[in-house]
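Each remark here refers to the structure printed beneath this line.
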Amino acid sequence: MVLGPLDLELAAGERLAVLGDNGAGKTTLLRLLATAARPAAGRLELLGVEATRERERLRARLGYVGHQLGLYPALTALENLEFFARLHGLGRERARPALETVGLGGVAHRRLEQLSRGQQQRLALARSVLHDPELLVLDEPDASLDAEGRDLLGALFEGRSVVMATHDLALARGLCHRALRLRAGREAGDPWGAPRAGGPSVRPREGAGPVPLPNGRAAGARALG
Amino acid sequence: MRFAGVMLAVAAKDLRCELRGKELLPALTQFVVLSLVIAGFAFDLDASSGPRLSPGILWLVLVFAGLLAFGRTFAAERDVGSLEAMLLTPAGAPAIFAGKALGATVLLVACEAVLLPAMAVFLASPISPAVVATVLLATVGMAWLGCLFAALAAQTRARELLLPVLALPLWIPFVVVGSRAVQVAMSGGGFGAWAPAGQPYAVLLDFDILFLVVSSLAARFVLDD
Amino acid sequence: MAEVPPGPTDPEGAENRRLTALAGVAVAAMLVAGWAIFVYAPQDALQGPVQRIFYLHVASAVAAFGCFAVVLLGSLAFLWRGSLVGDRLGRAAAHVGLVFTTVTFLMGVVWAKPIWNWDPTRTWDARLTSTAALWVIYAGYLLVRRLAPPGRTAMRLAAVVGVIGFVDVPVVYFSVEWWRTLHPGPVLTAPGGPAMPAPMVVAYLVTQAAVGLLCGVLVAIHYRVQARRDAALARAVAAQLELASAPEGR
């Protein structure tokens, strides 16, 4: 997958939805942002640091949930989190609270392979915020999430910058400040998706005014700004 | 210290998964026992030819068991995408790699705990502490290099083909020297033979150090982009 | 994109002509070397006509090692600096080096059989084993390059093999040499021996120069072909991007 030249800037605490059809380059972009892939050309700066150097230090401040879970089927939910806590240089005691945050406290001692897909996805989310990252990069987190999980997302995003790829427009509008639409590896002109004859590039939401987000800012105002 | 912590955590995780999954160790043990039985018949071994052919048979079995073990350990990670998950932490590729190699070493040693007594019984091989020490020494070097190429091969389309092709030319010096060392040990050469340079044990140790250093340096490039 | 018409300002055409000329020189040099080997050099008193294999055998071996040194440098350049030229050069040199290694190995076997009464089941010479190991290592390099996910991953993994492989060759040589001193076999004299009459030395040098030139030309051709392919691919990808993101009839 090739991405065309892309100019992207994200403010601290801002939340960006990445939209587009399959094959448009969303995953490639997100993997670049998560330092899971290296850009072949161009400059990538994450959290004020040039992304190709100091990757280990950057990774301590990033959280990523990709298409693969990256968790161990034979280990329990708690053991999985404890392991990754140790990799982050944190104490194992961080695991239990993270588990509770995503509502998996009751199945802490159940092996991953015995959990439902939605629970597994929630565990992956817990793992991504275990180390309290400043930037969260999520590739279609809603794809396998159950309803409980989707409600959690807003809470997990609290105080962090987020880049989230999704097909769910309503979810994106509810959680994110702005959108970037990709088409064939390039930025397409109409981020929130609907073709328009003219007028502002972002459609105002139906309903009684902008929905307030947990951090007190309003989605509608941000998007038009 | 972080390095040691990560290394031990990864090795412990691997061993725990293996204990729960019970896939690799039974396969290895079965392979070992089968090899000995077949060797016994195929070489028409008796009380005199057994000890003579023992060093060769030992290395033959170890090399193939090693190929089996190293290949599987990275294939398993690849299946769930957990290698990437580990890399996306501040843990660092060298430490993670060392943990994988350590885990593989322990598994091979467990395998040898079956192999050596079996050889003593079926082939009348003279197994002494010197022999055990030599085999352990050789296992470490083999495991580190083997795991490096297993990690490499796991990222390609033809893992089973590539691992032996890549590893064997590098294992030749190992097998040549190690086989001689085992021969010396089996014919009664004790630890007195350690000190003088040019003696097989010393050369084996040199190779171990060389391979450990090379693998650790290369791990960063093999595991991470 | 319009093709550049052939003419005085056509860089690709000029490059082609240069390489063709060099290739011609290389072929001519090989013919001269052939003359040197079969006509100019005296017949060896002990070994007879078979000894003439030595010139090409050693020259090929040196050329092969030279190629693998290039693989090493190219691999290092890629790993440290992300140099695509390094990767391309490494691939070209690995291909050519593999060919020369095959030649060296076969000639060595053909030579050893009558001269040393060499019995492959009795003893493995250090050089023989190293050459065989070298062959497998660089075949592995090319396999990895082809079988890994294309792009930077394949380049990176192959480069690792290129570096470690080069380090391994002296190790293999040393270990078999060490082992062989414990198992004396048929006497292995250095090829040609230290006291070579002057005409033989000259014949060898001529051959080495010709083989070296041939090797260099082959690598250059291989490199150039691959560079053109990569450039064409890059153009195609760029064109694809342009096409795909064109506005859809607003």
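Chain order of the listed sequences is V, Z and H.
Using this note's numbering, you'd call the opening residue of the first sequence number 830 and step up by one each time.
Using this note's numbering, you'd call the opening residue of the second sequence number -8 and step up by one each time.
Using this note's numbering, you'd call the opening residue of the third sequence number 41 and step up by one each time.
The beta carbon of each residue, even a glycine, is placed where N, CA and C say it ideally should be.
This one's a predicted model, so the numbers in the text were calculated from it and none came from an experiment.
- Under the DSSP assignment, serine 40 of chain Z falls in the alpha helix (DSSP H) whose first and last residues are 40 to 71.
- Residues of chain Z whose Cβ lies closer than 8 Å to the Cβ of leucine 858 of chain V do not exist, since the nearest Cβ in that chain is about 16 Å away.
- Nothing from the stretch 126 to 149 of chain H brings a Cβ to less than 9 Å from some Cβ of chain Z.
- Judged by pairs of C-beta atoms under 8 Å, the stretch 14 to 22 of chain Z does not touch the stretch 124 to 141 of chain Z, as fewer than three such pairs exist.
- The beta-carbon distance between leucine 106 of chain Z and valine 52 of chain Z, rounded to whole angstroms, is 6 Å. This is short enough to meet the 8 Å contact definition.
- In this structure, glycine 169 of chain Z and tryptophan 50 of chain Z form a Cβ contact; the two beta carbons are roughly 6 Å apart against a cut-off of 8 Å.
- For valine 936 of chain V, there is no enclosing alpha helix (DSSP H), as DSSP marks it with neither H nor E.
- For arginine 196 of chain H, the nearest beta carbon of chain Z is closer than 9 Å to its own beta carbon.
- Of all alpha-carbon atoms in Z:Ser119, Z:Ile87 and Z:Gly57, the one lying nearest the alpha-carbon of proline 155 of chain Z is that of Z:Gly57.
- Look at leucine 153 of chain Z here: in three-state DSSP terms it is helix.
- Look at valine 831 of chain V: its C-beta is under 9 Å from a C-beta on chain H.
- For phenylalanine 105 of chain H, no Cβ of chain Z is located within less than 9 Å of the residue's own Cβ.
- Taken through DSSP and simplified to helix, strand or coil, serine 973 of chain V comes out as coil.
- One Cα belongs to threonine 930 of chain V, the other to glutamate 963 of chain V, and the distance between them is close to 17 Å.
- For secondary structure counted as the beta strand (DSSP E) over 3 or more consecutive residues, the stretch 857 to 932 of chain V holds these complete runs in sequence order: 891 to 894.
- Annotation: Cβ neighbours of methionine 77 of chain Z in chain V (cutoff 7 Å, chain order): Leu916.
- Valine 111 of chain H and alanine 133 of chain H do touch by the CB rule: their CB atoms are close to 5 Å apart, below 8 Å.
- In the three-state DSSP reduction, glutamate 282 of chain H falls in the helix class (H, G or I).
- Under the Cβ criterion (8 Å, minimum of three pairs), the stretch 845 to 852 of chain V counts as touching the stretch 988 to 1006 of chain V.
- Scanning chain V for C-beta atoms nearer than 9 Å to the C-beta of arginine -7 of chain Z yields Gly918, reported in chain order.
- Taken through DSSP and simplified to helix, strand or coil, valine 831 of chain V comes out as coil.
- If you ignore the 5 residues before and after tryptophan 162 of chain Z, its C-beta comes within less than 6 Å of no other C-beta in its own chain.
- Valine 966 of chain V: member of the beta strand (DSSP E) spanning 964 to 968, first to last residue.
- The C-alpha of arginine 275 of chain H lies about 35 Å from the C-alpha of glutamate 885 of chain V.
- Taking a contact to require three or more Cβ pairs closer than 8 Å, the stretch 105 to 119 of chain H and the stretch 200 to 211 of chain H qualify as touching.
- Taking 9 Å as the cut-off, the Cβ atoms of alanine 914 of chain V and histidine 938 of chain V do not count as close.
- A contact between stretches requires three or more CB pairs, one per stretch, nearer than 8 Å, and the stretch 90 to 104 of chain H meets this requirement with the stretch 234 to 248 of chain H.
- Going by C-alpha positions, phenylalanine 140 of chain H is about 43 Å away from valine 123 of chain Z.
- For a Cβ distance threshold of 9 Å, residue set Gln897, Leu898, Gly899, Leu900 and Tyr901 of chain V lies close to serine 73 of chain Z, ordered along the chain.
- The beta-carbon separation of leucine 27 of chain Z and methionine 133 of chain Z, rounded to 19 Å, does not stay under the 8 Å limit for a contact.
- The beta-carbon separation of glycine 1014 of chain V and valine 831 of chain V, rounded to 5 Å, stays under the 8 Å limit for a contact.
- With respect to the 9 Å criterion, valine 894 of chain V and glutamine 950 of chain V are classified as neighbours on the basis of their beta carbons.
- By the criterion of a C-beta distance shorter than 8 Å, threonine 864 of chain V is surrounded in its chain by Leu875, Ala880, Arg884, Leu887, Arg888 and Leu891, once the five residues flanking it on both sides are discounted.
- DSSP, read as helix, strand or coil, puts serine 115 of chain H in helix.
- Residue pairing by DSSP places valine 991 of chain V opposite V:Arg844 and V:Leu965 in a beta bridge.
- Residue burial annotation: asparagine 851 of chain V is exposed, with fewer than 16 other C-beta atoms found within 10 angstroms of its C-beta.
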